[in-house]
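Down below is the structure, laid out as structure tokens.
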Amino acid sequence: MKIKCKGAYEYENLDWHKNHSALIIPKAAVSFLVYGTPIEDFIHNHKDHLDFMLRVKVPRSNKLLTIDEFGVENKEQNVCRYYVSNNGNKLVKIMPALDKPGKIATVWWNEEGEEMLTYKDSEIKKANKQGFTINKGQREIPLEERPQEIEASWGVTICNKLKDFKGNINYEYYITEAKKLVDCYQQTLDNPPKLCNNTLN
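Position one of the sequence shown corresponds to residue 6 (my numbering), numbered consecutively onward.
Encoded structure:
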């Protein structure tokens, strides 16, 4: 039986421009759907480490950071290969601030020259009660950079070279994602999806 898979279930003979990330996920899902192989067994017994790798690419205007458990940041290259790992770091994309005017704040000082900002009328009374009664006019507060966590709630290990692979794969991530593909397929059996078609030779 020849299996022809498309979309999220595709993993063979992929064109260079297609997503080659975490091919273990569609492989495990298809093996379960076609042969009944338990997803956990397939993933735990898979030997090709490259199939666990994911790829991220950010524009030059962005930054890509790994952040460890102590909050220490490390700047990564804009194109990175990584895998989801036990005790891994956060992977965060930092996008530039939006190209539009910042917020307008009213600047208040107290007698000691300390500063407090208010953004709406309801905050003024609170500032005055705290002793910030000297109105120093308004100021535009620039918008901040926008962080976006990649693989949110999962740790990752950067692995741009396979020789750096440490073997601390978090299998639970890949199992969870493969089960999502299986659930998606099974929920649409009454309306056969175009994502995965089985054809007999």
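Virtual Cβ for every residue (Gly too), placed ideally from N, Cα, C.
In this text the structure is predicted, and so the values were computed from the model without any measurement.
query, result
"C-alpha gap between D126 and N133, whole angstroms", "11 Å"
"The region 116 to 131 touching the region 90 to 102, judged by at least three CB pairs closer than 8 Å", "no"
"Cβ-based burial, P31 [other Cβ within 10 Å; buried from 16]", "buried"
"Enclosing beta strand (DSSP E) for E120 [first to last residue]", "E120 to T123"
"Enclosing beta strand (DSSP E) for I155 [first to last residue]", "R151 to I155"
"Start-end ranges of the beta strand (DSSP E) lying completely within the region 45 to 120, minimum 3 residues", "59 to 62, 68 to 72, 78 to 81, 84 to 100 and 108 to 114"
"The alpha helix (DSSP H) enclosing I29, as first and last residue numbers", "I29 to Y40"
"Where Q135 sits in the DSSP three-state scheme", "coil"
"Contact between the region 81 to 92 and the region 156 to 176 (3+ Cβ pairs under 8 Å)", "yes"
"According to DSSP, residues forming a beta bridge with Q143", "T111"
"Nearest to I44 (by Cα), restricted to the options E182, N140, D169 and L55", "E182"
"Touch test, the region 69 to 76 against the region 33 to 49, Cβ-Cβ under 8 Å, three pairs minimum", "no"
"Short Cβ contact (7 Å threshold) for G160 with G76", "no"
"C-alpha distance - F137 paired with G118, whole-angstrom precision", "9 Å"
"Check whether R60 and R86 have beta carbons under 7 Å apart", "yes"
"Buried or exposed by the 16-neighbour rule on C-beta atoms within 10 Å, applied to I139", "exposed"
"Own chain, CB closer than 8 Å to V187, minus 5 neighbours either side, in chain order", "A34, F37, L38 and I44"
"Sheet register partners of V161 (DSSP bridge)", "V89"
"Sequence-distant residues of its chain with Cβ nearer than 7 Å to T123 (five each side left out)", "A110, T111, W113, I129 and A132"
"Chain-order list of residues whose beta-carbon lies under 8 Å from that of N173 (same chain, five-residue window excluded)", "S90, N91, N92, G93 and T162"
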